[in-house]
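*Asks:* Residue 308 is where the sequence shown starts when you use this note's numbering, and the numbers rise one by one after that.
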Amino acid sequence: MTEKQKLVIFALGGNEISPIEIDPVTGNYITPDLPKQWKRTAETCEIIADFIKDNQDSHYVVTHGNGPQVGNILLRSEYSSKYLHRIPLDVCGADSQGALGYMLAQLSNSLQIRGLDIHTAEIVSQVIVDPNDPAFENPSKFIGPPLTKEEASALINEHPDYRARFYKMTDKDEEIWRRVVPSPLPLGIVEIDIIESCYLSGNIPIAVGGGGIPVVRVTPKKNVRSETYVCNYGISYNREISESGKSASVYKGVEGVIDKDLASSLLASLIMERTQKRRQLAPDMPAFEVELVILTNVDSVKLNFQEHNEESLSILTLEKATSLYESGAFQEGSMGPKIKSMINFLKAGGKKAYITQVDLLQQTFSGEAGTTFIH
């Protein structure tokens, strides 16, 4: 019987790349400039590299969010719209995948310094969504920098398409607002074969960045002998109808930002499913025990977050996590999607997963910090 190998998926949140800061002059929350983002990313990569050096028998995948960055790209596009063309959300997501993937490629430097000949590869990832997902009519995904209520109101008045809502309270009981955009559920990953090939080669794919670029499968328009696939910007593809009658896998982008934790959970679930199917045909193929690690800006999952009776949860079973999630214990747009991601992962066959801060990574795997999810 083939011995199981471990595959660890690190899902990096915004704090691991772009921690929020406060302007010392205005007191407003701001997104750090590029040098500070680069430095924070390097610190994150150093911690992950230490973990990889101590666990060299495992395979690894890195995913990441893009909320602050994609919000800034979109805002720059709107402010410069008098002079330059507008950048749609799906292209903003693609832009951020390249830039953040480049920053996270510092992980290769950290590994090389430790004597590990392992490389990273940023994979521009398209994630399939339902064109009829109700999220397109109900924007809920927080992106961009934190704002005061007054700043949000000014942007709403200035830009007709701008939507924002309350995000959370500060320690000083001040309201933080952020921009919201559609966030459809991820259903499939177009580049899943390429992601698998990368980690099976011993390297580390950086994939489904920002949840992936949202795309929908194009339904062809058919006549007697041919079919036409109409994609973005009027681009179309024509071909004869195949003998099988099966449509081609053609996709086009749609505007939205997919939750990176839900996309990371989907990636983990697809890897488990595909590995199981391959091993049914070839039992000698490697079997993977997949673990999902969501790295965020809190040290563990909290009940009654920021309340006087706040409680840290060190262990959550699938049943307990499901019960708490369904009771509304976790805020949507914040911890809610992370818990839902863990539930999806465990239901798909995952055995163990974690939510923690990157600085507590080693302690979390030894059971001394973070929240461990078990099935």
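The beta-carbon is built from N, C-alpha and C at its ideal position, and this holds for glycine as well.
Can you tell me whether H371 is buried or exposed? The criterion is at least 16 other CB atoms within 10 Å of its CB, across all chains shown.
*Replies:* Under this definition H371 is a buried residue.
*Asks:* Along the alpha helix (DSSP H) that carries P644, what are the first and last residues, could you check?
*Replies:* Per DSSP, P644 belongs to the alpha helix (DSSP H) from 642 to 654.
*Asks:* Looking at the strands, I want to know which residues DSSP matches up with L433.
*Replies:* According to the sequence shown, residue 433 is Gln rather than Leu. DSSP output for Q433 lists I520 as bridge partner(s).
*Asks:* When we look at the beta-carbon of D361 and count the other beta-carbons within 10 Å, is it buried (16 or more) or exposed?
*Replies:* Exposed, because fewer than 16 other Cβ atoms sit within 10 Å of the Cβ of D361.
*Asks:* Anyone know if the C-beta pair for K578 and L314 falls short of 8 Å?
*Replies:* The question names Lys, but residue 578 is Ile in the sequence shown. Their beta carbons are under 8 Å apart, which means I578 touches L314 by this criterion.
*Asks:* Residues in its own chain within less than 6 Å of L573 by CB, not counting five upstream and five downstream?
*Replies:* Taken in chain order, the residues that qualify are P493.
*Asks:* Looking at chain D, is there any beta carbon in it that lies within less than 8 Å of the beta carbon of G656?
*Replies:* You won't find chain D in this structure, because it holds only one protein chain.
*Asks:* Could you tell me if R486 is buried or exposed, where buried requires 16 or more neighbouring beta carbons within 10 angstroms of its beta carbon?
*Replies:* That one is buried.
*Asks:* Please tell me whether P521 and V561 are closer than 8 Å, where the distance is taken between their beta carbons.
*Replies:* For P521 and V561, yes; Cβs fall inside 8 Å.
*Asks:* Quick check on the DSSP output: the alpha helix (DSSP H) that includes V600 runs from which residue to which?
*Replies:* Unbroken run through V600 is the beta strand (DSSP E), 594 to 602; no alpha helix (DSSP H).
*Asks:* Let me know the secondary structure DSSP gives K343 once reduced to three states.
*Replies:* K343: helix per DSSP, three-state reduction.
*Asks:* Using the DSSP secondary-structure output, state which residues sit across from M476 in a beta bridge.
*Replies:* The partner list for M476 (beta bridge, DSSP) reads E482.
*Asks:* Measure the alpha-carbon distance for M308 versus Q583 and round it to whole angstroms.
*Replies:* Residue confidence is low: M308 scores 46 on pLDDT, short of 50, so the model does not pin down where it sits. No coordinate-derived value is stated.
*Asks:* Can you check which of these residues, G408, G378, L407, is closest to I394 by C-alpha distance?
*Replies:* Answer by Cα proximity: G378.
*Asks:* I'd like the ranges of any beta strand (DSSP E) spanning at least 3 consecutive residues and lying wholly in the stretch 421 to 468.
*Replies:* Complete beta strand (DSSP E) runs here, min 3: 427 to 429, 433 to 435, 448 to 454.
*Asks:* At 3 residues or longer, what runs of the beta strand (DSSP E) sit wholly inside the stretch 533 to 575?
*Replies:* With a minimum length of 3 residues, the continuous beta strand (DSSP E) runs that stay inside the stretch 533 to 575 are 533 to 537, 543 to 547, 558 to 560.
*Asks:* Grouping DSSP H, G and I as helix and E and B as strand, with all else coil, what is G495?
*Replies:* DSSP places G495 in strand when its eight states are reduced to three.
*Asks:* A318 and D568 - do their beta-carbons sit closer together than 8 Å?
*Replies:* Going by C-beta atoms, D568 is nearer than 8 Å to A318.
*Asks:* Which residue wins for smallest C-alpha separation from I662, given the options D606, K627, A655?
*Replies:* Closest by alpha carbon: D606.
*Asks:* Can you give the Cα-Cα distance for P527 and I502, rounded to whole angstroms?
*Replies:* C-alpha separation (whole angstroms): 28 Å.
*Asks:* Counting beta carbon pairs with one atom in the stretch 505 to 524 and one in the stretch 471 to 482, are three or more of them shorter than 8 Å?
*Replies:* Touching, no.
*Asks:* If you run the structure through DSSP and keep just helix, strand and coil, what is V608?
*Replies:* Looking at V608 - three-state DSSP - the assignment turns out to be strand.
*Asks:* Apply the 10 Å Cβ neighbour rule to A575 and answer buried if 16 or more other Cβ atoms are within range, or exposed otherwise.
*Replies:* Label assigned to A575: buried.
*Asks:* On the criterion of 16 or more Cβ atoms from any shown chain inside 10 Å, does F473 qualify as buried, or is it exposed?
*Replies:* Counting Cβ neighbours within 10 Å, F473 comes out exposed, since fewer than 16 surround it.
*Asks:* Taking DSSP's pairing of strands, which residues face P512 in a bridge?
*Replies:* Answer by DSSP bridge pairing, in chain order: A428.
*Asks:* So S533 and R546 are in contact, right, with Cβ under 8 Å, and what is the actual spacing, rounded?
*Replies:* Between R546 and S533 the Cβ distance is about 7 Å, and since that is below 8 Å, they are a contact.
*Asks:* Let me check understanding here. Comparing Cα to Cα, which of M476, Q404, L667, S403 lies closest to S621?
*Replies:* Nearest of M476, Q404, L667, S403 to S621, Cα basis: L667.
*Asks:* Can I646 and F652 be called in contact, C-beta distance under 8 Å?
*Replies:* In this structure, F652 does not lie closer than 8 Å to I646 by Cβ.
*Asks:* Could you tell me which uninterrupted alpha helix (DSSP H) segments, each at least 4 residues in length, are contained entirely in the stretch 327 to 405, listed from first to last along the chain?
*Replies:* Counting only runs of 4 or more, we get 341 to 361, 374 to 386.
*Asks:* So, are the CB atoms of E498 and Q433 less than 8 Å apart?
*Replies:* Contact: yes.
*Asks:* Where do the N-terminal and C-terminal ends of the beta strand (DSSP E) with A318 fall, by residue?
*Replies:* That run of the beta strand (DSSP E) goes 311 to 319.
*Asks:* Which partner residues of E503 appear in the DSSP bridge assignment?
*Replies:* DSSP, once it has assigned bridges, lists no residue as partnering E503.
*Asks:* Using a Cβ-Cβ cutoff of less than 7 Å, which residues in the same chain neighbour P770 once the five nearest sequence positions on both sides are dropped?
*Replies:* Coverage of the chain is limited to positions 308 through 682, which leaves residue 770 absent and any answer about it impossible.
*Asks:* From the DSSP output, read off the bridge partner residues of G618.
*Replies:* Here residue 618 turns out to be Glu, not Gly, going by the sequence shown. For E618, which the question treats as bridged, DSSP gives the partners L610.
*Asks:* Buried or exposed for A401, please, with buried defined as at least 16 other CB atoms from any protein chain shown within 10 angstroms of its CB.
*Replies:* Buried, by the Cβ-count rule.
*Asks:* Spatial neighbours of F672 within its chain, please: C-beta separation below 6 Å, excluding the five flanking residues on both sides.
*Replies:* So the list is empty, once near-sequence residues are dropped.
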